[in-house]
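Numbering (the working numbering), first residue to last: 1 to 422. Ideal Cβ placement from N, Cα and C applies to all residues, glycine included.
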């Protein structure tokens, strides 16, 4: 995904004044570090072979997750820089990930924080899980496929993409963000860490995490919810138990508006996505073939001597994602994939699963929505399935629809000047 537009004229404030802050667009403010992170995020020259940027997988139009319709419709995972190489999980959104705390075990014994579906980007390295997460894709053979941090550094040094995008070179942006000489491939370990910190800064910026949904406008008195949306919110916080994990409470993670996640991990009994192309990857990437099972958090904990004792109790658990932008897409006809493996294809299906998982009989593949849903496959990982907060919620079809209507108010970009009915 190469940049095709013109550099912003507003970048002149940086060029003229060397300021740490400037207006890139009238409604947004980006610091030098955020601008650097944005350039790194959109630069398709930083993969092997060139052509795969972070934004190629994490699209703003789809709520900073996959825009690829073929992927969303079937396996739910995205192809990397190398053709026919696929990861094992659906892409998580990178919006609002910067608010996740450093991975830890809380006073109840639950694991909280970190990033990636399994929590392995703990934040212990750089003090920020979003930055730890940004260290991974550049080097992953199933993603951007670079051989080393040094190779990434050399590509950044030789790229003019930042200047195309911002009017400033990578060297200039590094200098303004981290000091003179900070783009130094001779000191590639520290420089590579700066790449990750800059990308995390961009992800935390107003451009990616703006808190600009209709729900935000409602909470701040600038919009009204429709009757159906309001009913959905009541159900979300009550009978449907959604807010038990996707909390609507104000947080202490740096923002006064709810993040719609408590940053914990849960196994909700999601079935396998039988179309996941990872099952058919070469043995060097997936030695178990079709027998591979996604262990989630438990699989990560098993790799850590300090947490291995808790692995069995957390097998099959995955990060509770934010629901912000859960329905963001270019058009109503555009399909999104849901859950850590992309098994479900629309919000109605997701809500119906939460409602009826333990009521409907067990069947084989995930039923296609157009054929109706009258059964659910068995969980991919049967251990540790949450049986108390979902599975038999006794919601009517009308109540399911109301929850979906509320979820659609979580899409960023809402304009409170538009007329709202109640």
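Counting along the chain, where does the alpha helix (DSSP H) carrying residue i start and finish?
i: residue 191; result: 188-204
i: residue 185; result: Element bounds for residue 185: n/a, residue is neither H nor E.
i: residue 394; result: Note, residue 394: premise wrong, no alpha helix (DSSP H); not H, not E.
i: residue 390; result: That residue, residue 390, is in no alpha helix (DSSP H); it is neither H nor E in DSSP.
i: residue 236; result: 227-237
i: residue 69; result: 69-73
i: residue 217; result: 214-219
i: residue 38; result: 32-42
Please tell me whether residue i and residue j are closer than 8 Å, where the distance is taken between their beta carbons.
i: residue 260; j: residue 322; result: yes
i: residue 112; j: residue 118; result: no
i: residue 32; j: residue 173; result: yes
i: residue 416; j: residue 217; result: yes
i: residue 69; j: residue 257; result: no
i: residue 300; j: residue 120; result: yes
i: residue 157; j: residue 39; result: no
i: residue 207; j: residue 30; result: yes
i: residue 192; j: residue 149; result: yes
i: residue 213; j: residue 324; result: yes
i: residue 75; j: residue 52; result: no
i: residue 145; j: residue 152; result: no
i: residue 110; j: residue 356; result: no
i: residue 277; j: residue 77; result: yes
i: residue 179; j: residue 405; result: no
i: residue 201; j: residue 34; result: yes
i: residue 320; j: residue 246; result: yes
i: residue 103; j: residue 114; result: yes
i: residue 219; j: residue 326; result: no
i: residue 210; j: residue 43; result: no
i: residue 65; j: residue 93; result: yes
i: residue 235; j: residue 61; result: no
i: residue 133; j: residue 402; result: no
Contact check, residue i vs residue j under 8 Å by CB: the rounded distance?
i: residue 241; j: residue 248; result: Actually they do not touch by this definition, with Cβ atoms about 12 Å apart.
i: residue 126; j: residue 85; result: Contact doesn't hold; Cβ gap of about 27 Å is too wide.
i: residue 345; j: residue 73; result: 7 Å
i: residue 343; j: residue 273; result: 4 Å
i: residue 328; j: residue 63; result: 3 Å
i: residue 239; j: residue 410; result: Wrong, their Cβ atoms sit about 19 Å apart, outside the cutoff.
i: residue 364; j: residue 199; result: So it is not a contact: roughly 41 Å between Cβ atoms.
i: residue 340; j: residue 89; result: 5 Å
Residue i: beta carbon under 7 Å from a heavy atom of the ligand MN?
i: residue 293; result: Ligands displayed in this structure: none; no statement on the ligand MN is therefore possible.
Taking three-plus beta-carbon pairs below 8 Å as touching, is the segment 350-362 in contact with the segment 296-306? no
Inter-stretch contact at 8 Å, needing at least 3 Cβ pairs: the segment 372-387 / the segment 262-273: Because the criterion of three Cβ pairs below 8 Å is met, the segment 372-387 and the segment 262-273 touch.
Taking only runs of the alpha helix (DSSP H) that begin and end inside the segment 294-367, which ones reach a length of at least 4 residues, in chain order? 296-301 and 347-356
Scan the segment 84-172 and note each continuous alpha helix (DSSP H) run of 4 residues or more that stays entirely inside, going in chain order. Qualifying alpha helix (DSSP H) stretches, in chain order: 129-134, 149-157 and 161-166.
Counting beta carbon pairs with one atom in the segment 41-49 and one in the segment 133-145, are three or more of them shorter than 8 Å? Cβ pair count under 8 Å is three or more, so yes.
Inspect the CB distances between the segment 163-173 and the segment 313-333 and report whether three or more fall short of 8 Å. no
Enumerated in chain order, which unbroken segments of the beta strand (DSSP E) with a length of 3 residues or greater are wholly contained in the segment 247-280? none
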